[in-house]
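Note sheet for the following structure.
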Amino acid sequence: MASCTIVSSEDFASALVKFRVPFRGDKKNEDCLSRIILVIDRSGSMAGGPWKQVQAAVQAIDEMNQKLSRDANLEPIVITYNNTVSITNLASIAKTKADGSTDFVKVFQQVQKTVKEIGVDKRIVIMFMTDGCDSCNSPNAIIDAQTKLQMFFKKSNLNCVVHVIGYSKDHDLNMMNTLKSLGTTEGVYRYAEGSKGLDEKFRELFEFADLTVEFSIKLPNVQQPIKITGEMVDSDHIESECWLSLSENIKQPIEIAIGNNKYSVVPMLTEPDTMFILKSLSKRTSDVKTQKQLDQIQSELQQVKMFGSGVGGTKADRQLAMELRGELQTRLDALHSIMADIARGTLNQTAALAKMNDLRYADKFSKSSRQRRMDQRAIRNQANLQLIDIKLKELKFKEETAFTNVDLTTFTCCLTLNTCRDMMMDSEDDVMGVGLVVERQEHVVDAPTLISVKDVSVTILSRSACDDAIKMKLNIADAARVHGGFVPSKSAAPTTSTTRTQNKANNTQSEFTRGVAAEPINTFLPLYICDAHFERVQIMLEPILGYLFTLDITGYKSDQLLGLFSILGQIMNASPRNGSEREEMILYEFTRLCHAFLPRTLEYLGEENDVLKKFMAGPTGRSKAHIQNLMTLFGYIHALGIETIDESLRYAIVEELYRRHFSYIYHGTSENVISEHVQTLLYGEDDDDDDKNNETKTEVDELCYVKSKNDKTNDGHFAQHARAVLKKNEINHKIPTEKIDIQYEIPERQINSMNNKIRSKMVELLSGFSTKPVQHVLDRLGIRMMDISNEHECILLRSMLVQCLRFYSNESINGAVLNKTFFNVRTDHEHVLTVAHEEFDANRQNLTTNKIEQIRVLELARRAVLTNDIGVYLGRMMVYAPTRGGKIFDTILSLLLDRSQKQVPLLAEKISIIFTGRYKEHRDAEKEFHVLSNGLAWFPDRSIINRVREALGEDQWNDLDQLMRGRTCGHVYRLSDIPNRHGYHNSHPNPNLVVQWAS
1 MASCTIVSSE DFASALVKFR VPFRGDKKNE DCLSRIILVI DRSGSMAGGP WKQVQAAVQA
61 IDEMNQKLSR DANLEPIVIT YNNTVSITNL ASIAKTKADG STDFVKVFQQ VQKTVKEIGV
121 DKRIVIMFMT DGCDSCNSPN AIIDAQTKLQ MFFKKSNLNC VVHVIGYSKD HDLNMMNTLK
181 SLGTTEGVYR YAEGSKGLDE KFRELFEFAD LTVEFSIKLP NVQQPIKITG EMVDSDHIES
241 ECWLSLSENI KQPIEIAIGN NKYSVVPMLT EPDTMFILKS LSKRTSDVKT QKQLDQIQSE
301 LQQVKMFGSG VGGTKADRQL AMELRGELQT RLDALHSIMA DIARGTLNQT AALAKMNDLR
361 YADKFSKSSR QRRMDQRAIR NQANLQLIDI KLKELKFKEE TAFTNVDLTT FTCCLTLNTC
421 RDMMMDSEDD VMGVGLVVER QEHVVDAPTL ISVKDVSVTI LSRSACDDAI KMKLNIADAA
481 RVHGGFVPSK SAAPTTSTTR TQNKANNTQS EFTRGVAAEP INTFLPLYIC DAHFERVQIM
541 LEPILGYLFT LDITGYKSDQ LLGLFSILGQ IMNASPRNGS EREEMILYEF TRLCHAFLPR
601 TLEYLGEEND VLKKFMAGPT GRSKAHIQNL MTLFGYIHAL GIETIDESLR YAIVEELYRR
661 HFSYIYHGTS ENVISEHVQT LLYGEDDDDD DKNNETKTEV DELCYVKSKN DKTNDGHFAQ
721 HARAVLKKNE INHKIPTEKI DIQYEIPERQ INSMNNKIRS KMVELLSGFS TKPVQHVLDR
781 LGIRMMDISN EHECILLRSM LVQCLRFYSN ESINGAVLNK TFFNVRTDHE HVLTVAHEEF
841 DANRQNLTTN KIEQIRVLEL ARRAVLTNDI GVYLGRMMVY APTRGGKIFD TILSLLLDRS
901 QKQVPLLAEK ISIIFTGRYK EHRDAEKEFH VLSNGLAWFP DRSIINRVRE ALGEDQWNDL
961 DQLMRGRTCG HVYRLSDIPN RHGYHNSHPN PNLVVQWAS
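Under UniProt numbering, the first residue of the sequence shown is numbered 1, with each subsequent residue one higher.
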């Protein structure tokens, strides 16, 4: 039944009206569902990071779309545009390049044409994204095209809404505001300041558009119906909240129309509470235009009473109110920041207005997508949970025959001492299993195969005994220490006094009980044991898996079935083959369980998406988009009962292990590094007879192309620049420049046959690869890695490494799938090399340009590193690496820390300047000159700190450590040192935002 609740207050002009309306997104209501058109800017200004963000977002949307199994007439339509316009699909965006200029006139014309083809009966949602302004048409032509589109929408009586995403501070804000007003209802405006946020904004907006349904209401004594936008919260209902100006309390029915369905509901009137006050403040925040309005809302928010006897509501209501208050404060903080930037003049008008417009709609996206999906999942599963009790009551088993082949001594709960038979006779809803220690990062909610099994217990437990142990433990410990909770993503941040405390807390072992060998246990995993026991497990599977992966019995989703196979693979890997009898027994019983769930898993996946078949079919089934954790594949193979791995499967698994290894170690690495590795594998010449000293050959080879050498006069310009800026405060001193003449060209080459140079490169590439993390599971499956000493396997391995390097990233392998350039190494190993060679030959000019730039960067870095004059070093750092960023800085740091090279002059002084950002003329000098980043200290990650320590030696490292003690890295306040609204400034920084050095 439909329902309506009205909350009103004399102090507020509008009333908060809440609707809950029955609705099913099926064929009958198809016209109410949104037909989404994505209009995406692919002009040249989107190239690089922004376009990769768009591709990632579209790929995620495509995966979401495939799982929903939509009819073809509900598939999103994709329009991409630059100076041309094209209709494409979600999958094709991965191979589309961003280039050309921007023509809005053409895209407006194409939108009109596409909408005509869809028809007027559908609800149309257009998502328009751009990062700039039209570069092809005059302003009058753009206005004319825009007006024609607007008139078309009005004359066609379309149910249409236009949402917009503006990217970069230079986009046309006025046009964005006009576009979102073109439809029958006003759309949402989102602003992505940098490419990093573009991905998230794009996906959030698509999810929002995909879940919204429009319906109309007719109030008593009001002639015209009012259109309302609701959101599908489960498979049977939509909900909506809106603010309406009501002249009096409504006691007569409100008529609701959605599709062909009509409802008449008498509203229920309720008194305003804390949630109403917070939501009214949130509504006012959307209309803030001045600092005075902002300060008033901030003051009222601080006066909202969140605790105490007068607040009322349940614990869950109060928790929800706290979350809403936190989200509102975050929006207010963002507005304070914008106002401050406007006052300082550091934010242009377009960016300022864009940010404020974006915040107007922030409350629509305040609840995270993950939490939203969990809520929907819980509501969807609630009905199934209510049926479980009925099914368990109907389930019967024969006591005298059900446990004939079960060793009841083994399957006895160590906490209750009940055997499996006694447990099943005493309880209708209890099952038996084994204890684990697992670690869940938050993304396990959406990607269950990424759950991490830290330890496998040998202790048999019943589920009810685990529940009792958890309840008892919760009385004396926090929840995270009981079941492990969710841990944050791993970080490479430096160890500081703050992070050290956090890491110590995170590393504390979570457990709700201990096993027979005193091993910790924080998770329960069911076993097969016998047919009668499995039938009970099968009925209770959904709440068991829901809790295992999301810590919520209503959190079940079908993809958690794959999580079982991931756990199986990790259990196989937890102990060596032919381990203890008890370990092998537990593995056997859990394998039986997974085997029994294979039909249900295949029903969820579909025959065409079988994990093993798709993995063998090609790279599509091997990428992380399809199989995020290879332990899932290993567990799946074992559950199938495959005893002998054939060579085709072996090569495919080994190749994917290498590819994922390269994906990890080369993440964020320059493409030039990958290119050099592949070129050596293709063209490496066996030059042992020509050059005995190969260790320094690479650097010598590169430097021989530099024709303009450095001299004292050139160095003197940089030393003079440092003196002028640091000592004489000549801020506008002319920055010295230097021209480096590099003569380099990549010649035409042919693929070389296997030789010692290529073998050495293969050994080098695999030197960091270790099978230790997966050795036990590989041994159990009989999978052997490639043997470089075997001539045939060495030839295949060469092609395998070339292919893995070329397609090491998820983005590149997706492109390879679309372009059909990923081959079977076992049958096409020569073709792999030929295609790679042809690609290099076609790109020789670009590779030459990249190599010249690489040599230039190396030469500039060498000139800074090898100078004996600290003044020259200061000048070069101030010119080429003033903020400790960029390729030159990275190369300088690499050369300073390279212990294989000759001794660097003034090494300790140079590293000290990098870390402190300051320079003293001598140890006892009182004045410190700010050289880098305005004198702010630099806290690199732990790996760099370790390398610095090794390069300096213990004594000089201790000197640097002593020099860094007491220095902090944190938020930078205004130069005037005037306190901000929180009372903090440079002389009195916020301690929560300050990281202090701790080696």
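Glycine included, each C-beta is placed from N, C-alpha and C at the ideal position.
- prompt: To the nearest whole angstrom, what separates the beta carbons of L219 and I250, a pair I think is in contact under 8 Å?
  reply: 7 Å
query: Within 10 angstroms of its Cβ, does L561 collect 16 or more other Cβ (buried), or is it exposed?
result: buried
message: So, with DSSP's three-state summary, where would you put C160?
response: strand
- prompt: Using CA coordinates, which residue listed in D287, D317 and S282 is at the minimum distance from E300?
  reply: S282
query: Candidates T601, T513 and L633: which alpha carbon is nearest L450's?
result: L633
Residue range of the unbroken beta strand (DSSP E) whose run includes I37: S34 to D41
field: DSSP-derived helix/strand/coil call for A47
entry: coil
- request: Ignoring anything shorter than 4 residues or poking outside the region 46–125, list the alpha helix (DSSP H) runs there in chain order.
  value: 49–68 and 104–118
- prompt: Who does Y189 pair with in a DSSP beta bridge?
  reply: V164
task: Express the C-alpha separation of R35 and G119 in angstroms, rounding to a whole number.
output: 11 Å
task: Could you check if R942 is buried or exposed, using at least 16 other CB atoms within 10 Å of its CB as the buried criterion?
output: exposed
task: Using a threshold of 8 Å, state whether the C-beta atoms of M432 and I460 are closer than that.
output: yes
- prompt: Can you pull the DSSP bridge partners for F215?
  reply: I228
- prompt: Leaving out five residues before and five after V516 in sequence, what residues of the same chain have Cβ atoms less than 8 Å from its Cβ?
  reply: C414, V458 and T459
message: For L858, report the span of its alpha helix (DSSP H) as first-last.
response: R844 to V865
Three CB pairs or more closer than 8 Å across the region 795–814 and the region 596–612: no
task: Can you tell me which of K709, G187 and N261 puts its alpha carbon nearest to the alpha carbon of C160?
output: G187
Euclidean distance between Cα positions of S156 and L149: 11 Å
- prompt: To which residues of the same chain is T883 closer than 6 Å at the C-beta, ignoring the five residues directly before and after it?
  reply: S933
task: Tell me, to the nearest whole angstrom, how far the beta carbon of C530 is from that of F662; I am working on the premise that it is less than 8 Å.
output: Not really, about 46 Å apart at Cβ, beyond 8 Å.
message: So K106 and V85 are supposed to be a Cβ contact under 8 Å. How far apart are they, rounded?
response: 5 Å
field: Contacts around G935, its chain only, beta-carbon distance under 6 Å, and the 5 residues preceding and following it disregarded
entry: G917 and R918
- prompt: From N850, D869 and M785, pick the residue whose C-alpha is nearest to that of N714; which is it?
  reply: D869
Candidates I61, Q293, L649 and L33, of which the one nearest D121 by Cα: L33
- request: Assign Q441 to one of three DSSP states: helix, strand, or coil.
  value: strand
- prompt: Where does the unbroken alpha helix (DSSP H) through N629 begin, and where does it stop?
  reply: Neither: N629 is in no alpha helix (DSSP H) and is coded neither H nor E.
field: Of the residues T410, M631, C594 and S462, the one placed nearest V453, counting alpha carbons only
entry: M631
query: Is the CB-CB distance between P448 and D317 below 8 Å?
result: no
- request: Compare the C-alpha of V58 against each of L205, A145 and V125 and name the closest.
  value: L205
query: In terms of residues, what are the limits of the beta strand (DSSP E) holding H237?
result: H237 to L244
message: Between the region 3–21 and the region 86–98, can you find at least three pairs of beta-carbon atoms closer than 8 Å?
response: no
field: Q854, buried or exposed, once every other Cβ within 10 Å from all chains shown has been counted against 16
entry: buried
message: Counting only beta-carbon separations shorter than 8 Å, does E745 have a partner in chain C?
response: Looking for chain C here will not work: only one protein chain is present.
message: What would DSSP say about N578, mapped onto helix, strand or coil?
response: coil
- prompt: Taking contact to mean at least 3 C-beta pairs separated by less than 8 Å, is the region 780–795 in contact with the region 862–879?
  reply: no
task: Would you decide whether H533 is buried or exposed? Buried here means 16 or more other CB atoms lie within 10 Å of its CB.
output: buried
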